[in-house]
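Colleague: Pasting a structure here, questions to come.
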Amino acid sequence: MNERVKESFWVRWGVVLALGAAAVLKAFLLGAERVPFNADEAIVALMARHILQGARPLFFYGQAYLGSLDAWLLAGGFAIFGQKVWVIRLVQGLLYLGTIWTTAKVGEKIFSRRVGILAAWLLAIPAVNVTLYTTATLGGYGEALLIGNLVLLLVLGMVDVGRIANLASWFGFGWLVGFGLWVFGLTLIFSVPAGLFLLWHLSALRLRKASTQGPQQISTWLKPILGAGIGFLLGAFPYWLGAFQLGGDRVVAELGGSAIAGVAGGGWLEQVGQHVVSLILLGTSVIFGIRPPWEVRWLGLPFVPFILMFWGWVLVGIFRMRKTAEQGLLIGVMLMLVAGFVLTPFGADPSGRYFLPLAVPLALFGAAAVMGIKNPRGRWALILLVLGYHLIGTVQAVSKNPPGITTQFDAVTWLDKSYDDELIAFLQEHGETRGYTNYWVAYPLAFLSNEALIFVPELPYHLDFRHTTRDNRYAPYNDLVEQAERVAYITTPTTNPYPLDDRLRAGFADLGVSWDETEIGNYHVFYNLSRPVRPAELDLMP
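Each residue of the sequence shown is one higher than the one before, counting from 1203 in my numbering.
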């Protein structure tokens, strides 16, 4: 009787408890202040503020492939709770709770309710990579996961209730795919396999109606495809409007990864080889949570062999199991991501963000494998092993600050954000409200100061002085700084001596300009310049 009661409690309340555990983990990270507020997140926050002021951005500032839904949702949060960093994390947390809940529903449809519940728990206390990119926002990853799950639920529902040929359902599918394309092209990882899944079932329906002749046979294909096409065009309307404003060539190119194309160097085949090596050596370690995405540092080292054996067992089981079409849909999502990573320029990105969509199918297949074990003690041992390991990895990542749990994978961008308030106070006290800095300082400074301090990212942060104009994301700030009669320079030294600081001192001296300088934590400020000096007057080339 007791076992049946426990089982009933698990089935009834398992997902709710998983959502509660996820909320507690997010609250802990928020309270511990171990997720630094970085530039990409600050841009989303600034967009949200500008939306409340009447702006209507369609894409992430400075980009042409990441829609502005994240900023619109955040604007709603700001309108209710105020313009605070914790509100950003609240919005991301709510999105992730939606992802956990929909994952449980997907698991229930493909496997069983118990598998869905366990998958929800595997996402509630996930690997560090998933924790990171569902806590701090980069503009659309949380939304992409949730929309991807909604796409899966929609197509599974269409097949489950016999609406495979229903025009309205196909319209809804097309609309959601189009909307997801605007929000973030990463949703195609889910949408393409889902579309193929529907076409496969539609083909099976056509074969069952093989006796149908003429126009009726054609309509079996024509109506669904037409409905999906119209829905797609309407759902992606913000995308088309943005393409019209920014240029269609740019939008299409950035969707294909042009922003980081050529980073790896070499020809296409050579790049593919590099991406495969990166996937095997760096990708798997991030996916399974045995290292944080921002550095090569092993987490929970004594448990790593057991975690690798667990996920190896799960992956082998995927290929050995007798698969249903629905399970094939999940495998299609995984294969789509691997193909996208290996075959496109996105594979040159060493961060773990592009592996985020794997979290859902891996949680589902992992849960299915565990629930397939007949011995209850064996099941619980594996569950506690994986969840405990994820928790250990998170605690270890949090304990090292800086960087904390950070989106920055280059050590030169790891900043101790506890000095931000002191920096803001110093600049305001000395009347240094305009100037120049690097990307990782400019936009957090603008948001945290309520845009009283505008510093444009015209300075390099790499030690070899590499710099890209893409760092300059918001043109109106350029005009404000250019018109200023007083400017300061802020650098972030990571070595002593710091080459950029030496270059600035030499440049000011050559121009006959006097200045003062001070150090505030990891920020170095050149201020009280005798005249405004523009970066073009200085030798800042690599």
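Idealized CB from N, CA, C, for every residue including glycine.
What is the DSSP secondary structure of Pro1426, counted as helix, strand or coil?
Modeller: It is helical.
Colleague: Determine the direct distance from the alpha carbon of Leu1276 to that of Arg1733, and round the result to whole angstroms.
Modeller: When rounded, the distance between both Cα atoms is 40 Å.
Colleague: Please classify Ile1575 as buried or exposed, where buried requires at least 16 other C-beta atoms within 10 Å of its C-beta.
Modeller: It is exposed - the Cβ of Ile1575 has fewer than 16 other Cβ atoms within 10 Å.
Colleague: Cβ atoms of Pro1605 and Ile1391: under 7 Å apart, would you say?
Modeller: No. Outside cutoff.
Colleague: Which ranges would you report for the alpha helix (DSSP H) in the region 1458 to 1497 if only whole runs of at least 4 residues count?
Modeller: If we require 4 residues or more, the alpha helix (DSSP H) runs fully inside the region 1458 to 1497 come out as 1470 to 1480, 1486 to 1489.
Colleague: Using only CA atoms, which one of Ala1738, Glu1719, Arg1736 lies nearest to Asn1730?
Modeller: Nearest C-alpha to Asn1730: Glu1719.
Colleague: If you reduce the DSSP assignment to three classes, tell me which class Gln1415 lands in.
Modeller: Note that Gln1415 scores 49 on pLDDT, short of 50, meaning its location in the model is unreliable; the coordinates nonetheless yield the value given after this. Gln1415: coil per DSSP, three-state reduction.
Colleague: So, are the CB atoms of Ala1627 and Ala1321 less than 7 Å apart?
Modeller: No. Outside cutoff.
Colleague: Please work out which residues of its chain come closer than 8 Å, Cβ to Cβ, to Leu1706, disregarding the five sequence neighbours upstream and downstream, and give them in chain order.
Modeller: Correct list, in chain order: Tyr1691, Thr1693, Phe1728, Leu1740.
Colleague: Could you give the residue range of the alpha helix (DSSP H) that holds Phe1313?
Modeller: Run containing Phe1313: none; DSSP gives neither H nor E here.
Colleague: Quickly, what does DSSP pair Val1727 with across the bridge? List them, please.
Modeller: The partner list for Val1727 (beta bridge, DSSP) reads Ile1692, Thr1720.
Colleague: Enumerate in chain order the residues of its own chain whose CB-to-CB distance from Ala1455 is below 7 Å, with the five nearest sequence positions on each side excluded.
Modeller: Excluding positions up to five away in sequence, the list is empty.
Colleague: What does the alpha-carbon distance come out to for the pair Gly1279 and Ile1290?
Modeller: Near 8 Å, if we compare the C-alpha coordinates of Ile1290 and Gly1279.
Colleague: Within 10 angstroms of its Cβ, does Met1523 collect 16 or more other Cβ (buried), or is it exposed?
Modeller: With fewer than 16 Cβ atoms within 10 Å of its Cβ, Met1523 is classed as exposed.
Colleague: Going straight from the alpha carbon of Met1511 to that of Trp1500, what length do you get?
Modeller: Spanning the two alpha carbons is a distance of roughly 16 Å.
Colleague: Just to confirm my understanding: we take His1592, look at its own chain, exclude 5 residues before and 5 after, and list those with CB closer than 7 Å. What are they?
Modeller: Closer than 7 Å at Cβ, skipping near neighbours: Ile1327, Pro1328, Ala1329, Gly1491.
Colleague: Return the first residue and the last residue of the alpha helix (DSSP H) that Val1540 is part of.
Modeller: 1527 to 1545 is the extent of the alpha helix (DSSP H) around Val1540.
Colleague: Throw me the rounded Cβ distance for the Gly1431 and Gly1376 pair, which I believe falls under 8 Å.
Modeller: Gly1431 to Gly1376, Cβ: 6 Å. Contact.
Colleague: Does the Cβ of Ala1599 have 16 or more other Cβ atoms within 10 Å, making it buried, or fewer, making it exposed?
Modeller: By the neighbour-count rule (16 or more Cβ atoms within 10 Å), Ala1599 is buried.
Colleague: Using three-state DSSP, classify Arg1579 as helix, strand or coil.
Modeller: Note: Arg1579 maps to helix in three-state DSSP.
Colleague: Of the choices Leu1589, Ala1370, Val1643, whose alpha-carbon is the least far from that of Thr1615?
Modeller: Checking every option, the nearest Cα to that of Thr1615 belongs to Val1643.
Colleague: Contact defined as beta carbons within less than 8 Å: I believe Met1743 pairs with Phe1667. What is the distance between those atoms, to the nearest angstrom?
Modeller: Met1743 to Phe1667, Cβ: 7 Å. Contact.
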